[in-house]
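> Numbering (the numbering used here), first residue to last: 175 to 397. Dumping the structure here so I can ask a few things about it.
The structure is reproduced here in structure tokens:
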């Protein structure tokens with residue numbers, strides 16, 4: 175793997191993004207699997223942008239207190255646990271043979287780092303869907319979808335924005351970021367933090383709070 179500088183202080187490794195250099199066999203299999211997934215992942219990211227703007231406008235018009243929580247997940251592709259990914263795909267209904275083929279791309283994988291032109295010793299990996307590869311975005315979204323279902327689960331009593339037809343807003347994913355639409359009260363925030371803590375423990379995700387934001391999109395928050 176090679177590290178690409180993303181900005182900020184050069185002394186911090188978190189400001190570098192590792193880019194994997196892989197063999198052609200992996201590339202071919204990953205591309206074939208990614209093309210299969212295109213058939214049921216046809217959505218456009220612009221829908222989410224329109225949703226955010228419309229939600230804030232409706233909250234103001236309908237006199238609802240709204241907190242828009244914008245979350246940035248740190249090193250998202252690098253932190254996906256393979257065990258978590260496998261345990262997620264099977265309940266989602268992916269065929270066992272398909273899951274085994276995906277996991278064969280990662281099981282017993284090793285990596286070496288090129289530093290100043292010198293190739294380091296190989297080391298074993300237990301997580302990471304390799305960024306820049308055709309299959310990586312889809313595998314990350316499968317893992318991230320668990321977080322979305324946890325937030326939207328009615329049993330967790332998380333209150334969202336009420337739409338004109340009575341439905342609640344769905345929380346949105348922007349690739350490796352998330353937007354949560356919460357009714358503006360402290361109880362909702364506490365519940366959200368507990369959900370995120372549980373998700374982080376299972377998936378290995380970590381929220382970058384320096385790049386995350388909370389917006390009081392309408393009115394003053396309530397107790």
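Positions of the beta carbon are idealized from the N, C-alpha and C atoms, including for glycine.
Whose C-alpha, out of 351, 265, 238, 253, is nearest the C-alpha of residue 222?
Taking the chain shown and counting its residues from 1, the one referred to as residue 222 is at position 48. Comparing Cα-Cα distances from residue 222 to each of 351, 265, 238, 253, the minimum goes to 351.
> May I ask you to report which of helix, strand or coil DSSP gives residue 361?
As a working note, residue 361 is residue 187 in the chain shown. Helix.
> Using only CA atoms, which one of 190, 363, 226, 232 lies nearest to residue 340?
For the purposes of this step, residue 340 is taken as the residue at position 166 of the chain shown. For the residues 190, 363, 226, 232, the minimum Cα distance to residue 340 belongs to 232.
> So, at 7 angstroms on beta carbons, what are the nonlocal neighbours of residue 190 in its own chain, with the 5 sequence-adjacent residues on each side left out?
Start at 1 with the first residue of the chain shown, and residue 190 comes out as number 16. Result list for residue 190: 177, 178, 179, 180, in chain order.
> Excluding the 5 residues flanking residue 252 on each side, which residues of the same chain have their C-beta closer than 8 angstroms to its C-beta?
What you label residue 252 is simply residue 78 of the chain shown in a count that begins at 1. Within the same chain, residue 252 has close Cβ partners 192, 301, 302, 305.
> According to DSSP, is residue 320 part of a helix, a strand, or is it coil?
The residue you call residue 320 lines up with position 146 of the chain shown. Looking at residue 320 - three-state DSSP - the assignment turns out to be helix.
> If you drop the 5 nearest sequence neighbours on each side, which residues of the same chain put their C-beta closer than 6 angstroms to that of residue 385?
Numbered from its first residue, the chain shown carries residue 385 at position 211. Excluding sequence neighbours, residue 385 sits near 246.
> Please report the straight-line C-alpha distance between residue 243 and residue 353, rounded to a whole angstrom.
Position 69 of the chain shown holds residue 243. Position 179 of the chain shown holds residue 353. Straight-line Cα distance between these residues: approximately 6 angstroms.
> Where does residue 347 sit, in a helix, a strand or coil, going by DSSP?
Stepping through the chain shown from its first residue, residue 347 is reached at position 173. DSSP places residue 347 in strand when its eight states are reduced to three.
> Less than 9 angstroms between the beta carbons of residue 321 and residue 373, yes or no?
The sequence position of residue 321 within the chain shown is 147, counting from 1. The sequence position of residue 373 within the chain shown is 199, counting from 1. Yes, the pair counts as a contact, with Cβ atoms nearer than the cut-off.
> Does DSSP classify residue 185 as helix, strand or coil?
Stepping through the chain shown from its first residue, residue 185 is reached at position 11. Coil.
> Curious, which full-length alpha helix (DSSP H) runs of at least 4 residues does the region 233-264 contain?
Listed in chain order, the complete alpha helix (DSSP H) runs (minimum 4 residues) inside the region 233-264 are 256-263.
> Does DSSP classify residue 335 as helix, strand or coil?
Here residue 335 refers to the residue found at position 161 when the chain shown is read from its first residue. Residue state, collapsed to three classes: coil.
> Report, in whole angstroms, the separation of the C-beta atoms of residue 186 and residue 250, which I expect to be a contact under 8 angstroms.
Stepping through the chain shown from its first residue, residue 186 is reached at position 12. Stepping through the chain shown from its first residue, residue 250 is reached at position 76. Rounded, the Cβ-Cβ distance is 18 angstroms, inconsistent with contact.
> Near residue 310, which residues of its chain fall below 7 angstroms by C-beta distance, leaving aside the five closest residues on each side in sequence?
For the purposes of this step, residue 310 is taken as the residue at position 136 of the chain shown. Answer for residue 310: 251, 303, 304, listed in chain order.
> Determine, using beta carbons only, whether residue 369 and residue 335 come nearer to each other than 9 angstroms.
As a first step, residue 369 is located in the chain shown; it is residue number 195 there, counting from the start. As a first step, residue 335 is located in the chain shown; it is residue number 161 there, counting from the start. Against a cut-off of 9 angstroms, the Cβ pair of residue 335 and residue 369 comes out as no contact.
> Rounded to a whole number of angstroms, what is the C-alpha to C-alpha distance between residue 255 and residue 284?
On the chain shown, position 81 is the one that residue 255 refers to. On the chain shown, position 110 is the one that residue 284 refers to. If you take the alpha carbons of residue 255 and residue 284, they lie about 15 angstroms apart.
> Can you tell which of 387, 389, 337, 318 has its C-alpha closest to the C-alpha of residue 237?
Along the chain shown, one-based indexing puts residue 237 at 63. Cα-wise, what sits closest to residue 237 is 337.
> In its own chain, which residues sit with a C-beta less than 7 angstroms from the C-beta of residue 318, not counting the 5 before and 5 after it?
As a working mapping, residue 318 is identified with position 144 in the chain shown. Once the five neighbours on either side are set aside, the close Cβ partners of residue 318 are 347.
> Can you tell me where the alpha helix (DSSP H) with residue 272 in it begins and where it stops?
For the purposes of this step, residue 272 is taken as residue 98 along the chain shown, with counting starting at 1. First-last of the alpha helix (DSSP H) with residue 272: 270-278.
> Report back the beta-carbon spacing between residue 273 and residue 264 to the nearest angstrom; my notes put them in contact at under 8 angstroms.
Counting from 1 along the chain shown, the entry for residue 273 is found at position 99. Counting from 1 along the chain shown, the entry for residue 264 is found at position 90. About 6 angstroms separates the two Cβ atoms, so the contact holds.
> State the Cα-Cα distance for the pair residue 262 and residue 230, rounded to the nearest angstrom.
As a first step, residue 262 must be located in the chain shown, where it is residue number 88. As a first step, residue 230 must be located in the chain shown, where it is residue number 56. Cα-Cα distance, rounded: 33 angstroms.
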